[in-house]
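The structure appears right after this line, and notes come after that.
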Amino acid sequence: MTAVRRVLPPAPSDKPPIILVHGAANSAIVWTYWQAELAKQGYASYAIDLRGHGESEQLDLSQTSMNDYADDVRSLTAELDTKPVIMGWSMGGLVAMMAAAGNGNAAACIGLAPSTPTLELDTSVNIRGGDFGPEEYGITSDDPEDQRAIPDLDLEERKQALASLGRESRRARDERKAGIVIESLACPLLIVTGEGDRQWPTAHYDGLWLNADMREISGASHWGLVLSRHALATMAPVVTDWVAKSA
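All letters in the sequence shown, in the order written, are residues 77 to 323 by the numbering used here.
Rendered as structure tokens:
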């Protein structure tokens, strides 16, 4: 069973709910600051712990697929009374696009430096089982002061990042390498990148065929897009203004 962190605005609102999807080898904790800010802006948010992550039921991730993750988000979408905006970071951005593609159940989709889809599957990629940890993404220490992979986060933000970490499905990672085919979306799409992101730089999205609005956040790293409160002060109005116009 998947766990969901729900944060509601202080007063009832007619704004669409926002589903938040975390990245690989982490969990819904990464959305802590985003959820507080969205509530201030009148948005209810639902940060999902994908199966086997965070506070969701722990299970063997060795054969968990990207479509399994997308199904988790689709199930949450179906539980809501109003079409949500689906917003994801990194791997979660691609999961958000998968969940939004074709089913008509999303008002809009937002990717924060999302893993990118493809138009064609690369069948030469070996899809392996097993799982792995955050060390494969450069996080090899549990000391918040020793985090070269997340340089633009302050000490408290780094503690949140470390608290979010967990195991990840190697099968899902290999599926992303082989390519997740998405030809179109049935809703508006916003992609937000960080000027300081070395993992998914803005130029990586130059050839994207999906009809997307693009925004770049000055100075933000990959992790900064989801956990930097300094970057959030710039990002939140960018995202909420776009949602108001597009969703």
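Positions of the beta carbon are idealized from the N, C-alpha and C atoms, including for glycine.
Nearest to residue i by CA position, among the options, is which residue?
{"i": "Thr-140", "options": "Ile-105, Phe-208, Ser-240 and Pro-220", "result": "Phe-208"}
{"i": "Glu-271", "options": "Gly-295, Cys-263 and Ala-184", "result": "Gly-295"}
{"i": "Arg-249", "options": "Ala-177, Val-171, Gly-164 and Thr-153", "result": "Val-171"}
{"i": "Asp-324", "options": "Arg-234, Gly-206, Pro-227 and Glu-212", "result": "The structure shown does not extend to residue 324, since the chain is modelled only from 77 to 323, so the question has no answer here."}
{"i": "Val-109", "options": "Thr-310, Thr-316, Ser-304 and Lys-321", "result": "One detail in the question is off: residue 109 reads as Tyr in this sequence, not Val. Of the listed residues, the one whose Cα sits closest to Tyr-109 is Ser-304."}
{"i": "Leu-301", "options": "Val-268, Asp-282 and Thr-278", "result": "Val-268"}
{"i": "Ala-288", "options": "Leu-261, His-129, Glu-212 and Leu-195", "result": "Leu-261"}
{"i": "Gly-164", "options": "Leu-286, His-98 and Val-257", "result": "His-98"}
{"i": "Ser-166", "options": "Ile-186, Val-149 and Gly-180", "result": "Ile-186"}
{"i": "Thr-278", "options": "Ile-293, Leu-286 and Val-149", "result": "Ile-293"}
Going along the chain, which residues of its own chain have a beta-carbon closer than 6 Å to the beta-carbon of residue i, five neighbours each way excluded?
{"i": "Arg-81", "result": "Ala-104 and Ala-123"}
{"i": "Lys-91", "result": "Gly-118 and Tyr-119"}
{"i": "Val-314", "result": "Arg-291"}
{"i": "Ala-239", "result": "Ile-105"}
{"i": "Ala-176", "result": "Ile-162, Ala-182, Cys-185, Leu-261 and Cys-263"}
{"i": "Asn-102", "result": "Ser-240 and Leu-241"}
I believe residue i touches residue j by the beta-carbon criterion, under 8 Å. Please report the beta-carbon distance rounded to the nearest angstrom.
{"i": "Leu-188", "j": "Gly-169", "result": "6 Å"}
{"i": "Arg-247", "j": "Ser-138", "result": "7 Å"}
{"i": "Leu-229", "j": "Pro-210", "result": "Not quite, the Cβ-Cβ distance comes to about 14 Å (not below 8 Å), so this is no contact."}
{"i": "Ala-183", "j": "Pro-160", "result": "6 Å"}
With DSSP collapsed to three states, give me the class of residue i.
{"i": "Val-201", "result": "coil"}
{"i": "Trp-165", "result": "strand"}
{"i": "Glu-133", "result": "coil"}
{"i": "Asp-218", "result": "coil"}
{"i": "Gln-242", "result": "This sequence places Gly at residue 242; Gln is not what is there. Coil, per DSSP."}
{"i": "Met-311", "result": "helix"}
{"i": "Gly-224", "result": "Inspection of the sequence shows that residue 224 is occupied by Arg rather than by Gly. Arg-224: coil per DSSP, three-state reduction."}
{"i": "Asp-148", "result": "helix"}
{"i": "Asp-282", "result": "coil"}
{"i": "Asn-306", "result": "For the record, residue 306 in the displayed sequence is His; it is not Asn. Of the three classes helix, strand and coil, the one that applies to His-306 here is helix, per DSSP."}
{"i": "Thr-140", "result": "coil"}
{"i": "Leu-301", "result": "helix"}
{"i": "Leu-156", "result": "coil"}
Per DSSP, which one or two residues make a beta bridge with residue i?
{"i": "Tyr-122", "result": "Arg-82 and Ile-95"}
{"i": "Val-257", "result": "Thr-194"}
{"i": "Glu-292", "result": "Thr-269"}
{"i": "Gly-187", "result": "Gly-164 and Ile-267"}
{"i": "Asp-90", "result": "For Asp-90, which the question treats as bridged, DSSP gives no partner whatsoever."}
{"i": "Asp-207", "result": "Ser-245"}
In chain order, what residues of the same chain have a beta carbon less than 7 Å from the beta carbon of residue i, not counting five sequence neighbours either side?
{"i": "Thr-158", "result": "Pro-92 and Pro-93"}
{"i": "Val-201", "result": "Asp-250, Lys-253 and Ala-254"}
{"i": "Ser-191", "result": "Ser-166, Met-167, Gly-169, Leu-170 and Arg-252"}
{"i": "Ala-79", "result": "Asp-125, Gly-130, Glu-131 and Ser-132"}
{"i": "Ile-256", "result": "Met-142, Leu-170, Met-174, Pro-193 and Thr-194"}
Near residue i, what residues of its chain come up, given a Cβ to Cβ distance below 8 Å and the 5 sequence neighbours on each side ignored?
{"i": "Ala-115", "result": "Val-83, Leu-84, Pro-85, Pro-86 and Ser-121"}
{"i": "Gly-205", "result": "Ser-138, Gln-139, Arg-246 and Arg-247"}
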